[in-house]
Every structure is written in C-alpha cells, then in structure tokens.
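Peer 1: Here the sequence shown is numbered in our numbering, starting from 29 and rising by one per residue. Built from N, CA and C at the ideal position, the CB exists for glycine as well. A single structure is presented below for examination.
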Amino acid sequence: MEDSSISKPLRIVITGGECTGKTTLTHALAGKFGMPFSTEGAREYVNDVQRRLEFTDVELIAFRQIKNENTILTSESRIIFLDTDLFSTLIYSQLYFNQRPSWLVTYCHARKGDLYLLCSTDIPWVEDELQRDHRTSHERASAHELFVSTLAQAECTFAIIDGLGEDRLLNAVTAIEAYLATNRN
29 MEDSSISKPL
39 RIVITGGECT
49 GKTTLTHALA
59 GKFGMPFSTE
69 GAREYVNDVQ
79 RRLEFTDVEL
89 IAFRQIKNEN
99 TILTSESRII
109 FLDTDLFSTL
119 IYSQLYFNQR
129 PSWLVTYCHA
139 RKGDLYLLCS
149 TDIPWVEDEL
159 QRDHRTSHER
169 ASAHELFVST
179 LAQAECTFAI
189 IDGLGEDRLL
199 NAVTAIEAYL
209 ATNRN
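Shown next, in the form of structure tokens:
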C-alpha cells in the first residue's frame with residue numbers, strides 16, 4: 029500500500045523552442061532553489077548518435093527523456109526541475125517530421141508537469157549543426173506558438189518567461205513563487 033503522507037515533488041518543466049536558454053535556465057533555477065534537475069534527453073541522444081535526426085529517433089528520444097525524468101522523480105526534494113519533457117519531444121516531432129504519434133500524446137498527458145516555464149524567443153539564435161537548423165524569426169515565433177497552443181490544449185499550467193540573463197532568471201523565480209503561493213503549502 030502506498031503511503032499517502034509522502035508527497036511527490038513539484039515538477040517544474042523548463043520548455044520552449046530551440047535556442048531559448050532552457051538548459052541555462054534549468055541549471056540556474058536548480059542552483060537558486062537548491063533542488064535537483066533532469067537533463068534533456070534529446071540533447072543527450074543527439075550527442076550520442078552524432079547525426080541528423082530521423083523520425084525513427086523520436087521513440088528513442090522519448091524513452092531517454094522518460095529515463096531521465098524517472099531517475100529524478102525518486103528524489104525526496106520538494107521541487108524538481110526538468111530540462112524539457114515529452115511535450116517537447118511531441119512538438120519537435122510535429123515540427124520536423126509533421127507527425128504526432130498517438131502513443132506519445134498519451135504519455136505526455138500521463139506524465140504532465142505541474143508548472144511549465146515556456147522560454148520566449150527573445151534570446152539570440154546560436155547555430156547547432158546536429159540539433160538545430162537555422163530558424164528565421166518567423167519560424168521561431170511559429171514554433172513558440174505551437175508550444176503555447178499545445179500546452180494550452182493539454183490544460184498545462186504555464187508561464188511565458190522572457191528577458192535576458194538575470195532578468196530571465198528573476199522572471200522565472202517570480203513565476204514559480206506565484207505558483208507556489210496559490211498551489212502549494
């Protein structure tokens with residue numbers, strides 16, 4: 029029998045389009061709050077395979093992401109930070125391959141985070157040969173809107189995080205504190 033007095037950690041997911049500072053923000057928030065974080069499965073996978081991704085990689089990326097999340101979910105911390113989650117995998121599958129696997133949609137909903145910090149595209153683009161193609165400002169805005177609509181349709185609680193450097197971190201901390209004030213004791 030499961031002990032109902034043991035609470036699960038609050039899952040805060042840092043998400044957004046390519047090159048929006050997700051990993052930097054994840055590390056900064058984990059340091060600021062003194063809480064653990066999981067790494068981005070897609071980035072690890074790309075670094076391992078060292079080639080452009082294909083649709084057949086989506087499933088492997090999803091399972092890598094699940095493994096990373098499951099590792100940190102065993103933490104006894106009050107809060108955990110996730111450097112993306114399966115919604116990112118789903119959205120990138122749609123953006124790059126024009127496919128939304130139904131099994132992935134199901135997993136997204138079953139593993140939904142408590143709060144999503146959606147990083148804005150106000151950070152300058154940085155080229156990454158294997159993981160991202162150059163995106164115009166219009167393409168970046170379209171990807172951002174796909175994140176907004178996907179999270180909204182899934183009824184995820186999210187805040188859009190903008191600003192550069194310390195301002196971005198401060199905006200994220202403010203969003204977390206507002207969430208904590210209304211949702212957790």
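1) Along the chain, where does the beta strand (DSSP E) that runs through Val133 open and close?
2) Take Glu194 as the anchor and find which of Tyr135, Leu174, Ile151, Val133 has the nearest alpha-carbon.
3) Considering only residues of the same chain and omitting the five flanking positions on each side of Ala182, which have a CB-CB separation below 8 Å?
4) Could you check where the beta strand (DSSP E) with Ile42 kicks off and where it finishes?
5) Straight-line CA distance for Asp76 to Phe91?
6) Can you tell me whether Arg79 is buried or exposed? The criterion is at least 16 other CB atoms within 10 Å of its CB, across all chains shown.
7) Using a threshold of 8 Å, state whether the C-beta atoms of Phe83 and Ile40 are closer than that.
8) Counting only the same chain and skipping the five closest in sequence on each side, list residues whose C-beta sits under 6 Å from that of Leu197.
9) Where does Ile151 sit, in a helix, a strand or coil, going by DSSP?
10) On the premise that Leu146 lies in contact with Gly44, defined as a C-beta separation below 8 Å, what is that separation, rounded to the nearest angstrom?
11) So which of Ile94, Ile100, Asp111 has the shortest CA-CA distance to Gly49?
Peer 2: In short:
1) Residue range 130-138 is occupied by the alpha helix (DSSP H) that includes Val133, with no beta strand (DSSP E) assigned at that position.
2) Nearest C-alpha to Glu194: Ile151.
3) Excluding its 5 nearest sequence neighbours in each direction, Ala182 has C-beta neighbours in its own chain below 8 Å: Phe115, Cys136, His137, Lys140, listed in chain order.
4) Per DSSP, Ile42 is one residue of the beta strand (DSSP E) stretching across 38-44.
5) Between the alpha carbons of Asp76 and Phe91 lies a gap of roughly 14 Å.
6) The residue is exposed, with fewer than 16 neighbouring Cβ atoms inside 10 Å.
7) Contact: no.
8) If you ignore the 5 residues before and after Leu197, its C-beta comes within less than 6 Å of the C-beta of Ala56, all in its own chain and listed in chain order.
9) Secondary structure at Ile151: coil, using DSSP grouped into helix, strand and coil.
10) So it is a contact: roughly 5 Å between Cβ atoms.
11) Among Ile94, Ile100, Asp111, the Cα nearest to that of Gly49 is on Asp111.
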